[in-house]
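Peer 1: Numbering (the UniProt record's numbering), first residue to last: 1 to 168.
1. Are the CB atoms of residue 178 and residue 26 nearer to each other than 8 Å?
2. What is the C-beta distance between residue 130 and residue 154, in whole angstroms, given that I count them as a contact (C-beta under 8 Å)?
3. Return the bridge partner residues of residue 27 from the DSSP annotation.
4. Let me check one thing: in DSSP terms, what residues is residue 134 bridge-paired to?
5. Count the other CB atoms, across all protein chains shown, that sit within 10 Å of the CB of residue 143; report buried if there are 16 or more and exposed otherwise.
6. Tell whether a beta-carbon distance below 8 Å holds between residue 100 and residue 88.
7. With a cut-off of 8 Å, do at least 3 Cβ pairs link the region 56-74 to the region 92-99?
8. In the structure shown, what three-state DSSP assignment does residue 91 receive?
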């Protein structure tokens, strides 16, 4: 019983001590990216966010996805974006282990096809620059580790993501 109580105290104190984004913080985010309009399969993402103010972060993110068209034809999508987010924790008085934010991303993505029967048929078929908007959140269960989820709409990133956050 004492061990169970000790474990509960450790878990509760770790979850209470998590910290939201603050000025000077650097956060690494990585995980699964939900389908972009050019890719049907779940992809991957990785990015960094840096706190320039207690309520504002700037970041960079890359995403990769793929699509199988059948008959040996497949496509790949890659996107690179630069984002800015406003974190609402202070004005909404949200506990420190939660982080709620919204913002915008400017970026670029490209999509190419690969056909095994035609070696010359591998080239970028669609590339574009554009904007996206996002809303998301994080839950920190320790001072450094947390989970993140985000929904995006726009022509750079469209869909969502779910993953982990590590705060340096």
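Where a beta carbon is used, it is the ideal one built from N, C-alpha and C, also for glycine.
Peer 2: According to the structure shown:
1. Beyond the ends of the chain as shown, which are 1 and 168, falls residue 178; an answer cannot be given.
2. Start at 1 with the first residue of the chain shown, and residue 130 comes out as number 130. Start at 1 with the first residue of the chain shown, and residue 154 comes out as number 154. Indeed they touch by this definition, with Cβ atoms about 6 Å apart.
3. Indexing the chain shown from 1 puts residue 27 at position 27. Paired residues: 49, 167.
4. Position 134 of the chain shown, counted from the start, is the residue given in the question as residue 134. Paired residue(s): 103, 152.
5. On the chain shown, position 143 is the one that residue 143 refers to. Label assigned to residue 143: exposed.
6. In the chain shown, residue 100 corresponds to position 100, counting from 1. In the chain shown, residue 88 corresponds to position 88, counting from 1. In contact: residue 100 and residue 88 (Cβ atoms closer than 8 Å).
7. No: fewer than three Cβ pairs fall under 8 Å.
8. Position 91 of the chain shown, counting from 1, holds the residue named residue 91. Three-state result, residue 91: helix.
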